[in-house]
Amino acid sequence: MHMKSVLSPVQPFHFQECLRFLNRNTDEPVWKVDGDRLLKLFTLGEKSVVGEISEEDGAVHIQFSDTLEEEELGLLTTYASEWLDMERDLQPFYDQMSACPLLGPIVPQYPGMRLIRMPDLFEAISWAILGQQINLTFAYRLKQRITQEWGASREYEGHILYAFPDPAVIAEMEPEVMRPMQVSQRKAEYIIGVAKEISSGNLSKQKLLSSENPVADMVAIRGVGKWTAEYVLMKCLGYTNGFPIQDVGLHNAIKKQLGMDRKPTYEEIEEYAKLWTGWEGYATFYLWRSLSS
DNA sequence: TGCCAGGGATTCT
DNA sequence: AGAATCCATGGC
């Protein structure tokens with residue numbers, strides 16, 4: 151028996167725009183865009199299940215490959231909802247940005263575009279660390295190598311699908327074991343350190359979500375600075391005000407958008423961002439999007 | 001080829 | 001506190 155779940159995203163919701171973002175790099179290992187559908191391998195303890203996400207009549211359908219307990223179905227449905235940020239009402243964002251000289255012209259170009267999230271905390275922090283100070287293309291390859299080496303996998307309709315490694319597995323590793331993946335010694339140490347924090351229970355999404363200062367909690371972890379913490383805030387925890395102001399992509403997007411011959415200073419960025427209050431993460435995401443039109 | 005990449009820790013002044 | 005320095009490798 152196959153299991154299915156149907157979700158109704160808050161409108162406007164642009165599924166194809168989600169797929170566009172998720173398909174921006176073919177080395178991405180933990181999901182696959184296959185035509186008009188999205189494939190992902192989920193792990194639930196010892197077992198795994200493939201989710202096939204598609205859009206039908208404005209609703210998002212998730213078809214699972216195996217039978218699930220009701221609780222499991224709920225968990226995976228929540229994952230998908232967070233992943234594509236389906237519950238977000240964009241209207242306040244639209245209203246606020248219409249008064250912004252920088253974002254005003256950009257936002258209407260991508261109607262219904264969601265900030266694509268990364269609901270798994272270990273994956274999100276690891277991805278942020280991997281992406282520090284290297285080009286994205288290379289970062290994807292690092293993620294792919296680590297995933298294919300230590301993540302679960304399953305074949306599905308001719309695709310080999312992978313899940314991001316379990317933190318409990320990575321926590322037991324020595325940095326030297328990760329070095330052959332071309333990950334720097336430092337980053338290997340950082341990621342293993344994060345894996346230990348998560349698998350020990352010291353660090354969890356739930357704790358961060360109920361913390362008064364999740365950024366401070368994260369910055370206390372070695373390898374996690376302000377940029378990484380704010381990135382995780384917006385990409386994983388769902389805070390639309392997460393704001394990685396040091397982000398090079400953000401700087402380049404502002405430079406391009408304003409036709410500047412240099413990157414903006416932090417003072418200038420903060421000045422623009424005064425109009426983004428509460429929506430800094432979304433503003434950043436839309437600026438990233440404007441780089442690749 | 002050389003600069004730079006979705007930074008951060010460490011070590012200096 | 002704030003500025004240099006190193007990390008580590010590949011993309012363009």
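In terms of this note's numbering, the first sequence opens at residue 151 and continues consecutively.
Note that the Cβ used here is the ideal one computed from N, Cα and C, for glycine as well.
Apart from sequence neighbours up to five positions away, the residues of its chain that approach I419 with a beta-carbon distance below 7 Å are I395 and I404, ordered along the chain. Sixteen is the threshold: since fewer than 16 other Cβ atoms of the shown chains lie within 10 Å of the Cβ of Q161, the residue is exposed. A contact between stretches requires three or more CB pairs, one per stretch, nearer than 8 Å, and the region 240-249 meets this requirement with the region 423-430.
Contact between F165 and V210 holds, since their C-beta atoms are separated by about 7 Å, short of 8 Å. Boundaries around Q213 are those of the beta strand (DSSP E), A209 to F214, since no alpha helix (DSSP H) includes it. The way I'd put it, the region 220-228 does touch the region 182-202; three or more beta-carbon pairs between them come closer than 8 Å.
Counting along the chain, S204 sits inside the beta strand (DSSP E) bounded by residues K197 to E206. In terms of Cβ geometry, I296 and G373 do not form a close pair [threshold 8 Å]. The beta carbon of L189 sits closer than 7 Å to those of W181, K182, V200, E202, Y306, H309 and L311, all from its chain and outside the five residues before and after it, given in chain order. Here H401 has K413 and P414 as same chain residues with Cβ atoms under 7 Å from its own Cβ, once five neighbours each way along the sequence are excluded.
In the displayed model, D184 falls within a strand according to three-state DSSP. Taking all protein chains shown into account, S443 has fewer than 16 neighbouring C-beta atoms within 10 Å of its C-beta and is therefore exposed. By the neighbour-count criterion, in which a residue is buried when 16 or more other Cβ atoms sit within 10 angstroms of its Cβ, K385 is buried. L157: member of the beta strand (DSSP E) spanning M153 to L157, first to last residue. Counting the other CB atoms within 10 Å of its CB gives F288 a total below 16, which places it among the exposed residues.
For T176, the number of other beta carbons within 10 angstroms of its own is below 16, and it is reported as exposed.
F314 is positioned such that its CB atom lies closer than 8 Å to that of E273.
With a threshold of 16 other beta carbon atoms within 10 Å, Q332 falls short and is exposed. Between L383 and K355, the C-beta spacing is not below 8 Å. For D235, same chain residues with a beta-carbon under 8 Å away, outside a window of 5 residues either side, are R264, L265, I266, R267 and G388 in chain order. For the alpha helix (DSSP H) assignment, the uninterrupted runs of no fewer than 4 residues enclosed by the region 297-323 are, from N- to C-terminal side, 317-321. Out of D270, A370 and A366, the CA that lies nearest to the CA of W233 is found in D270. Counting every other CB atom within 10 Å of its CB across the protein chains shown gives L191 a total of 16 or more, marking it as buried. In the DSSP secondary-structure assignment, K190 is bridged to G201. Of the candidates F393, G281 and A230, F393 places its Cα closest to the Cα of Y416. As the crow flies, the alpha-carbon of K406 is around 28 Å from that of R238.
In this structure, DSSP gives G343 a helical state, which the three-state scheme calls helix. From the listed residues S215, E222 and P159, the smallest Cα separation to E205 is found for P159.
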